[in-house]
Structures are given as C-alpha cells and as structure tokens.
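Q: Residue numbers (my numbering): 77 to 730. Beta carbons: idealized from backbone N, C-alpha and C, even for Gly.
1. For the stretch 166-186 against the stretch 282-291, do three or more pairs of beta-carbon atoms, one drawn from each stretch, fall closer than 8 Å, so that the two count as touching?
2. Report the three-state DSSP secondary structure of residue 582 (helix, strand or coil).
3. Do the CB positions of residue 611 and residue 650 come within less than 8 Å of each other?
4. Tell me whether residue 527 is buried or exposed, calling it buried when 16 or more other Cβ atoms sit within 10 Å of its Cβ.
5. To the nearest angstrom, how far is it from the Cα of residue 220 to the Cα of residue 231?
6. Please determine if the stretch 582-590 and the stretch 536-544 are in contact, where contact requires at least 3 C-beta pairs separated by less than 8 Å.
7. Give me the Cα-Cα distance between residue 304 and residue 328, rounded to the nearest whole angstrom.
8. With a CB to CB cut of under 7 Å and the five nearest residues on each side skipped, what residues in its chain are close to residue 288?
9. If you draw a straight line from the alpha carbon of residue 332 to that of residue 112, how long is it in whole angstroms?
10. Tell me which same chain residues have a C-beta within less than 7 Å of the C-beta of residue 352, skipping the five on either side of it?
11. Once the 5 residues before and after residue 241 are set aside, which same chain residues still bring their CB inside 8 Å of it?
12. Going by the C-beta, is residue 353 closer than 7 Å to any heavy atom of the ligand ATP?
13. Would you tell me roughly how many angstroms separate the C-alpha atoms of residue 173 and residue 322, rounded to the nearest one?
14. What first and last residue would you give for the beta strand (DSSP E) that runs through residue 260?
15. Any idea what DSSP makes of residue 474, helix, strand or coil?
16. Buried or exposed, going by whether 16 or more other CB atoms sit within 10 Å of the CB of residue 703?
17. Which runs of the alpha helix (DSSP H) fall wholly inside the stretch 158-229 and span at least 4 residues, in chain order?
18. Are the stretch 465-478 and the stretch 439-447 touching by the rule of at least three beta carbon pairs closer than 8 Å?
19. What does a CB cutoff of less than 8 Å around residue 601 pick up in its chain, not counting 5 residues either side in sequence?
20. Among 720, 228, 218, 196, which residue has its Cα nearest to the Cα of residue 211?
21. Find out if the Cβ-Cβ distance for the pair residue 432, residue 116 is shorter than 8 Å.
22. May I have a chain-ordered list of the alpha helix (DSSP H) segments no shorter than 4 residues that lie completely inside the stretch 354-389?
23. Excluding five sequence neighbours on each side, which residues of the same chain lie with their C-beta closer than 7 Å to the C-beta of residue 716?
24. Counting C-beta neighbours from all protein chains within 10 Å, is the total for residue 141 16 or more, i.e. buried, or is it exposed?
25. Can the beta-carbon of residue 165 be found less than 8 Å from the beta-carbon of residue 403?
26. Since I believe residue 718 is in contact with residue 661 (beta carbons under 8 Å), could you give me their beta-carbon distance rounded to a whole number of angstroms?
27. Give the list of continuous alpha helix (DSSP H) stretches no shorter than 4 residues that lie fully inside the stretch 266-352.
28. Between residue 488 and residue 676, what straight-line distance do the alpha-carbon atoms span, to the nearest angstrom?
29. When DSSP labels each residue in this structure, what does residue 404 get in the three-state scheme?
30. Given this structure, state the Cα-to-Cα distance separating residue 182 from residue 244, to the nearest angstrom.
31. Among 295, 239, 442, which one has its Cα closest to the Cα of residue 260?
32. Between residue 22 and residue 605, what straight-line distance do the alpha-carbon atoms span, to the nearest angstrom?
33. Count the other CB atoms, across all protein chains shown, that sit within 10 Å of the CB of residue 376; report buried if there are 16 or more and exposed otherwise.
34. Quick one, are the C-beta atoms of residue 251 and residue 292 less than 8 Å apart?
35. Is the distance from the Cβ of residue 632 to the Cβ of residue 583 below 8 Å?
36. Quick check: the Cα distance between residue 532 and residue 551, rounded to an integer number of angstroms?
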C-alpha cells in the first residue's frame, strides 16, 4: 500500500488525476444508470398517465362536438319551420281579416245587418283548422271569446300560460295599439289537457285587430305539429346515443351523459336512472360533486361486480349548456399502465448498454478533464514567472468561475495591490516633495512678497507723480505689471502646495455656473468670445465647495478664451449622468491641444503660454480630486477642446 501511494505521488498531475478520479467516475455511473432506469420507468408511468388524461379530454371534447352538431342541425331545421309556420299563420290571419272586411262591406251596402255579418263570419272562421289541433278564434279587446271551437262566450282576459304570463291580456293591449294592417305574434308554453297533452308544447299565435267590430282575429297552432318527421329526430338522436355508447375508452372505460339532476341520459347500463345519491367505495357522493361543479376532473375508487377489489377511476367531465347535460369520459387508471409495463423491460435493457457506453466515454472525458485542469495551471505558472521578473502589468486570463478561476482572480488582485502599493510609494514620495515645496513656498512668499510690496508701493507712488506723457511712465508701468506677475506666481505656488480641504455645502450647480459664466463673460480676455449656456434643470443639489468650484470654472473658461480667436464660441453645459455623477462640460472651438502635450497638461509648471505659470490645471485637478471627482480632456487640433468635470452626487460612494 505504501509503495502504491509513493507511486501515485510521483506521477505527473495529469496521470495522478486519471488514477484518482477515474474510479470515482465509473462507479457512480453504474449507480446512476440504475437510478435513471428506475426514474425513467416512473416517468414512463407519469407520461402515459398524462397521455391517457389527454385522451380523456379529447374524447370529452369529441362528444361535446357530436352533441353540438346534432343540436345545431335540428335547431336550424326548427328555425326554418318556425319561420314558415309564422308566415302560414299570418296568411290565415289576413284571410280571416278579409272575411270580416267582406261582411262589413255588405253591412255598409245595406244588404245584411251586423248580426248576420257576424254570424256568417263566425261560421266561416270556426271551420278552419291550423295543423292537427290548431284553429282560428276571435275575441274583443275585453277578452270575450266571439269565435272559439270550445270556449265561445267566455272571458279569458286574465288567462295565464304555464309560466304565469297573462298572454291574453298582452294580446288585447298590443292589438288595440297596433297599426292598421299590422300582424302581431305571441309565443307561449301551453299544455292542453283536453287533447291529452302531458308535457308543455310551444304554441305560436298570429293575430290582427279589426277595429270596426272590436274583434281580435287570431290563428294559433303548435309548432311541433309542423315538423315533417318527428320520428326522424328521435331516430337520429337514438343513433347519436348508440354512437356515443359504442366509443370505448381503454378496455373497460366508456362515455356517459347525465343532467344536472343526476339522471343518466346516456349510459351503457344505467340509462334513465338517477344516480345523484350514488357513492364510491369511500362513501363520497361523486355524482353529486360532478353535478355541482359541472366541469373538471374527478378521481374515485369504484368496484364493479366482476372486480375483486376497488379500482381507481378517473373521469373528465364537461358541461353542455343547450341541454343542461354533463358529458363524462371515464377509465380505470390500472389500464393506463399496461403500456408502461411493456416498455419497462426495454428501458432496463437500454440502460445496461447505455451505462457501459457512458463508462467508456467517461474514461475519455476524464483524460480530457485532466488536460483542461492542468493546462490553465501551466499558463498561470508562465504569468507568475513574468510577475516575478517585475512585470506587474501581466494578468492571468480568467475564463472560468471555478477554483482555478478564483485563484487566478486572487493572483490578479494581489498583483494589482502590489502595483497600487508601488504607486502609493511614489505618491508618498511626491507628497514629501509637495510638503518640502510648501515649506519652500512659504519661505519664498515671505521673503519675496515683502520686497515686492515695497516695489509695488514705490512704483505706484512714482506713477502718481508723473503723467502718461513722461518718457519714464512706461518703465514705471512695466515695473508695476511685472511685480504683480511675480506676486501671482508666488500665490499660485502657495495654492498648489497648500490647497485647503473643501468646505462642503449644498450647492445648486446651475446657479453657480450661471454666476461664473456671467462674471467670466465680462473679463477682458473673453470679449472676443460668445458664451452659450446649456444647463439641465433636473440636476439635484450636491455637496461641494462653491468657492473652489468657482476657481475651477473660471480657470477653465479663461483657458478656453485664450485658446480661441475672435468670433470663438464656448459652450458651458451641465447634465445628469447615469453613473450617479453630475457632468460639467466646457467646449470651445479653438486651436486644440497637440497630442504631445496631452500627457503633460496637468503637470505643475507645464505651460504653452508666454506668461503662464503652468499651475492652473494642476490646481484644478487637485480641487476636483479632493471632491472625489474626475476631470478629462478631449481635444483635436484645429477643431477645439472639451473639458469634462464629473462630480459625484453621493460623495461618500466614491
């Protein structure tokens, strides 16, 4: 065992991974193969169950389509018959009306009296039949029957149909209000016990008002008596039932239909019976639940007479509104799994072959994985050697999020920290120089400002004593101007060496820029330049030192003015950036900055002006950095320069 460990430890990393990892891969493959076979079988059961449920749903939809097709077919037939029947009744009503008109004409001519005319009309109307049991009758507007086959002389004004509707009263009221020549209709349910009716039938009446006699002429009959072949519909419906009952769902499943009262309308064995109170083997009223919900899925245990034990049955049911029916398709769940049992053996055979194939593939993949792991390590070693030589800009390429990627990221971060520390050391050295410069500047300012003050004082005194015409006046004026220039150089040197920390206050940047632009525009160096302001009104109030920013803006504006000829244009703008910063831009169309000067533009004492100190932009950048902001310059020679100052809205976040 010891020799085996020693042998493995001396192997290269790639082969060491092969020896250690390969058993860890192949053994789980055989385990996973068995688990997958088991899961596949389970999924096959679930899939076939879902497929069977889909079949049940399709069968329910198919049955609904059959019922709806039958319903629509005979609805169109009945609607056509009803329209034809209405026209026939209207024709009979018009003919009856003309009979009354003819008799009334005889009365007006004096050939017969009114009583004879009415009697003749009565005899003519009472003989007319409408269909098998329909007839023509007449009544006055008070509901007194003037002509009727059975109830003549009676008042039926308050008669009601089977739904409680005062249909005679409605006919009388509408007839009196009708227009001349208008035929009215009324439809109501009626059961004539004298004719042996056991169910309600739909009765249609067409009527017209004869005003001279105050008679309402009505022709009525039952709509179903107009159907050419009622038995045809019955036979068609019986054929539909047989077609539905003949559809098998699985081996023993079937389709059945019931109304919402629990009466089985279509069923292989229980048709015509009521099963509302039926319960499954657990005592649940499953039929009642179906009648209440009307649509959905239901699952219940059921035991047929031939079954040894209850079997779980699943039913999909849908509601057919025209007939108030519930269409149900049911089958036993154990019949769903027969196909799953058939494919179970095939799945296990396939998994054995697949496991062996995957094991061979795993050996190849482990070898490739060893290369994938070791190649990045070799690349990392190459970069580490370069960093060791002092090339701190080198970085390991991070292409993954695993431990090697994390190691590469950590190494890159460490290299960046080392580089940053070296930069800090350089900055500290620079700060030491600045401190020395500050001490030197203080001494120089003390030693130079006093003599300069004396020189300026005497120069001013002499300048007041002589006039501009004096030949010495220009020398005195030159002494005074150069002394002020020396004093400004000393002051700029002090400002750069001892820039104070900003005193932060809530400041409206747009108002501050407005004041600065108005002030700078009046400066003698800006008279040849037009200044355009483009301020974003949505800028928030930020914490800045207003005096220091005023110094920054004036310096940038005057620099732009010095870079432009007569007719130059300076655009001062403010915008709100998406990175949580306020952006201030100073864009001119001057001569631009040469590329060789761009790298030195912020260095102290670097200037291209004849009388410049080279400290203006250095002080500007120092102020911006103390505000945790950034300054950037973009320039094209001959086109102009844009200086952008970015100040954070939330200073503590930067």
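A: According to the data block:
1. yes
2. Within the chain shown, the letter at position 506 stands for residue 582. Strand, per DSSP.
3. Taking the chain shown and counting its residues from 1, the one referred to as residue 611 is at position 535. Taking the chain shown and counting its residues from 1, the one referred to as residue 650 is at position 574. At a Cβ-Cβ threshold of 8 Å, residue 611 and residue 650 count as neighbours.
4. As a working note, residue 527 is residue 451 in the chain shown. Exposed.
5. Against the chain shown, residue 220 aligns to sequence position 144. Against the chain shown, residue 231 aligns to sequence position 155. Approximately 4 Å, taken between the alpha carbons.
6. no
7. Counted from its first residue, the chain shown places residue 304 at position 228. Counted from its first residue, the chain shown places residue 328 at position 252. Its pLDDT being 49, under 50, residue 304 is placed unreliably in this model, and the coordinates cannot settle the point.
8. Within the chain shown, the letter at position 212 stands for residue 288. Around residue 288: 180.
9. Taking the chain shown and counting its residues from 1, one reaches residue 332 at position 256. Taking the chain shown and counting its residues from 1, one reaches residue 112 at position 36. Taking the straight line joining both Cα atoms gives about 40 Å.
10. As a working note, residue 352 is residue 276 in the chain shown. These residues qualify, in order along the chain: 337, 338, 363, 364, 367.
11. As a position in the chain shown, residue 241 is number 165, starting the count at 1. These residues qualify, in order along the chain: 264.
12. Looking for the ligand ATP in the displayed structure turns up nothing, as the structure carries no ligands at all.
13. Mapped onto the chain shown, residue 173 falls at position 97. Mapped onto the chain shown, residue 322 falls at position 246. Each residue's Cα considered, the two are about 56 Å apart.
14. Counting from one through the chain shown, the residue named residue 260 turns up at place 184. Its beta strand (DSSP E) spans residues 260-266.
15. By 1-based counting over the chain shown, the position of residue 474 is 398. DSSP places residue 474 in coil when its eight states are reduced to three.
16. By one-based count along the chain shown, residue 703 stands at place 627. Buried.
17. 190-202
18. no
19. Along the chain shown, one-based indexing puts residue 601 at 525. The residues are 634, 637, 638.
20. Here residue 211 refers to the residue found at position 135 when the chain shown is read from its first residue. Ranking the options by Cα distance to residue 211, first place goes to 228.
21. Within the chain shown, residue 432 is the residue found at index 356, counting from 1. Within the chain shown, residue 116 is the residue found at index 40, counting from 1. For residue 432 and residue 116, no; Cβs fall outside 8 Å.
22. 362-369
23. As a first step, residue 716 is located in the chain shown; it is residue number 640 there, counting from the start. Closer than 7 Å at the Cβ level, and outside the excluded window around residue 716, lie 663, 664, 665, 666, 668.
24. Position 65 of the chain shown, counting from 1, holds the residue named residue 141. The residue in question, residue 141, is exposed, as its Cβ has fewer than 16 Cβ neighbours within 10 Å.
25. Indexing the chain shown from 1 puts residue 165 at position 89. Indexing the chain shown from 1 puts residue 403 at position 327. Contact flag unset, no.
26. Here the question's residue 661 lines up with position 585 in the chain shown. Here the question's residue 718 lines up with position 642 in the chain shown. In this structure residue 661 is in contact with residue 718, their Cβ atoms being roughly 6 Å apart against a cut-off of 8 Å.
27. Those alpha helix (DSSP H) runs which fall completely within the stretch 266-352 and span 4+ residues are 306-322.
28. Against the chain shown, residue 488 aligns to sequence position 412. Against the chain shown, residue 676 aligns to sequence position 600. Their Cα atoms are separated by approximately 30 Å.
29. Counting from 1 along the chain shown, the entry for residue 404 is found at position 328. The answer is strand: DSSP assigns residue 404 an E or B state.
30. As a position in the chain shown, residue 182 is number 106, starting the count at 1. As a position in the chain shown, residue 244 is number 168, starting the count at 1. Approximately 30 Å, taken between the alpha carbons.
31. Translated into the one-based positions of the chain shown, residue 260 becomes position 184. Residue 295 holds the alpha-carbon nearest to the alpha-carbon of residue 260 among 295, 239, 442.
32. The first residue shown for the chain is 77 and the last is 730, placing residue 22 beyond what the model contains.
33. Within the chain shown, residue 376 is the residue found at index 300, counting from 1. When all chains shown are included, residue 376 counts as buried.
34. Counting from 1 along the chain shown, the entry for residue 251 is found at position 175. Counting from 1 along the chain shown, the entry for residue 292 is found at position 216. Against a cut-off of 8 Å, the Cβ pair of residue 292 and residue 251 comes out as a contact.
35. Here the question's residue 632 lines up with position 556 in the chain shown. Here the question's residue 583 lines up with position 507 in the chain shown. Not a contact, by the Cβ cut-off of 8 Å.
36. Your numbering for residue 532 matches position 456 in the chain shown. Your numbering for residue 551 matches position 475 in the chain shown. If you take the alpha carbons of residue 532 and residue 551, they lie about 13 Å apart.
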